[in-house]
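Heads up: the structure comes next, in structure tokens.
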Amino acid sequence: MTSFNDEQPELTYLRQRVAELEHALTEAQSSQQALEQAAVGIVWHDLNGNIAYVNNAFCRNVGYNRAELLHGNILAIDADFNADESEDLWQAALEHGSVVFETSHRRKDGSTYVAEVVISPLQIADCRYICGIARDITERKQQVAELHLIKRMIDNSPDAMAMADHQGRIIYANNTLRSMFGYGDTIIGIDLKRIFSELDDTMIAAFVEEIRRTGSVQGVMQFRRADDSLFMGYRVAFGIFDANGVPIGSGAFIRDITEQLAAEKERATLQQQIIEAQQASLRELSTPLIPLSYNVVIMPLIGSIDSGRAQQVLETLLEGVAQHQAELAILDITGVKVVDTQVADALLRAARAVRLLGARVMLTGIQPSIAQTLIHLGVDLSDITTRGTLQAGIADALHIVGRATGRQHL
């Protein structure tokens, strides 16, 4: 019969072994719990692709429950690789320890998502598995695609774009800016003051204040190319801030407006020429001079007469008298409704100037109200012949012309 003392070592060993197994079980349960709570999908499968284990995240990603997956094959999930291609990947993992690749995983509903997968060999007892850690990177791929699209859009923009750090050094320049300023790739790291020819510390401070108040500053300014040639451009500058609103740099869009300014100047010149031509036409219409005979001219005036028009009357009248060698110039003011000191002075100056050319002035169309105004103003018309109507003035002028013609025949 075995004594208690003889059994004591065996009991001690058994207790120790039970404690070790309990510790191993606790660790296994902790590892199992960690696998189940992992945010990324984890799957084990044998070298034929038969799934042996999946965690909760993998089930959520593909839309299957655990029982459905444990009776399936990984090739039904992987949409990009066939059996031969998958076996090549598994063999590479066995040889090199791990393989990283991107693929498309097919969900239960038939939709797919982009997954980044890391596979590595896994040995459990006598069984060899491939352990895969799959991360859904669909959103990341979309963000990268959007960034690439934005970069292509910026690089192909007809406007130049630059980004500078908080010290004013260029850290990004699109293709248009590299070409526009002639620096190419060497523009990275250049101080903004080098290309903004008018930029100084005072202007920078003003820009910073304007950006702080309104978010951006814009306008026309001069820029300098790599060869020191200058051009005019329209720029929009703005601040760049981090997620906490702290300024980390600045950005600017620049458009070369050299051709635009030249076109605007040409348009302005053409417009001025049109205006001058119109003004000349208006002058001719506002101060028309009509030859009545070889030595009589008539100028009918209509509307108001300001200082500018009074000067036109004087110039046109003198040129007409000289050109036609007129002896008599008839100024008809039937269409002039208001006569003030300025108008009266213009008429007197015209009469005196015409008299210096050896001719005289006849004033016609004086209405009663205008006659009273002239008397009230004390205007001396003694040197000017007056007639009440243009008809009377023309008759008188023709009579004078007739007498002059008769004298010439004698």
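In short: position in the sequence shown from 1, add 35, done, that's the working numbering.
Note that the Cβ used here is the ideal one computed from N, Cα and C, for glycine as well.
Please read all numbers here as calculations on a predicted model, not as lab measurements.
| Asked | Found |
| --- | --- |
| Nearest by alpha-carbon distance to V152: which of L124, I159, E130 is it? | L124 |
| With distances taken between CB atoms, is the gap from A18 to L412 smaller than 8 Å? | Limits of the chain in this structure are 36 at one end and 445 at the other, which puts residue 18 out of reach. |
| Give every residue of the same chain whose Cβ lies closer than 7 Å to the Cβ of V97, excluding the five residues on either side of it in the sequence, and list them in chain order. | I112, H140, R142, K143 |
| Quick one: what does DSSP say L433 is sitting in, helix, strand or coil? | helix |
| Go to V179, then tell me how far its alpha helix (DSSP H) extends in each direction, as first and last residue. | 173-190 |
| Under the rule that 16 or more other beta-carbon atoms within 10 Å means buried, what is I333, buried or exposed? | buried |
| State the Cα-Cα distance for the pair Q443 and L349, rounded to the nearest angstrom. | For Q443, the predicted structure reports a pLDDT of 45, less than 50, and the residue's modelled location is therefore unreliable. The matter cannot be settled from this model. |
| Rounded to whole angstroms, what's the CA-CA distance from E122 to I159? Just pull it up for me. | 20 Å |
| In the DSSP assignment, what residue or residues form a beta bridge with R204? | D226 |
| Determine, using beta-carbon pairs with one atom in the stretch 70-85 and one in the stretch 172-181, whether at least three such pairs fall under 8 Å. | no |
| Mind the definition here: the stretch 400-417 touches the stretch 366-380 only if three or more C-beta pairs lie below 8 Å; say whether that holds. | yes |
| Which residue comes first and which comes last in the alpha helix (DSSP H) that contains P403? | 403-412 |
| Between the beta-carbon of E233 and the beta-carbon of Q257, is there less than 8 Å? | yes |
| Entirely within the stretch 118-150 and at least 3 residues each: give me those beta strand (DSSP E) ranges in chain order. | 134-141 |
| Taking only the alpha-carbon atoms, compute the straight-line gap between N117 and M188 and give it to the nearest angstrom. | 37 Å |
| For the beta strand (DSSP E) that contains A357, what are its first and last residues? | Per DSSP, A357 belongs to no beta strand (DSSP E); it is in the alpha helix (DSSP H), 342-359. |
| For the stretch 186-205 and the stretch 275-284, state whether three or more C-beta atom pairs, one from each stretch, are separated by less than 8 Å. | yes |
| Nearest-angstrom Cα distance between G343 and D375? | 15 Å |
| A195: buried (16+ other C-beta within 10 angstroms of its C-beta) or exposed? | buried |
| E362: buried (16+ other C-beta within 10 angstroms of its C-beta) or exposed? | buried |
| Are the CB atoms of G250 and F276 nearer to each other than 8 Å? | no |
| Quick one: give me the first and last residue of the alpha helix (DSSP H) that D367 is part of. | Segment 363-370 is the beta strand (DSSP E) holding D367; no alpha helix (DSSP H) there. |
| What residues match up with S417 in a beta bridge as DSSP calls it? | DSSP output for S417 lists no bridge partner at all. |
| Just tell me which of G393, Q347, Q358, R247 has its CA closest to the CA of A381. | Q347 |
| Mind checking whether H386 and I429 have CB atoms under 8 Å apart? | One detail in the question is off: residue 386 reads as Ala in this sequence, not His. For A386 and I429, no; Cβs fall outside 8 Å. |
| Where T47 and R170 are concerned, what is the direct C-alpha to C-alpha distance, given to the nearest angstrom? | 48 Å |
| Answer yes or no: do I172 and V149 have a C-beta to C-beta separation smaller than 8 Å? | yes |
| Nearest to E354 by alpha carbon, out of L336, P326, D341, S339? | P326 |
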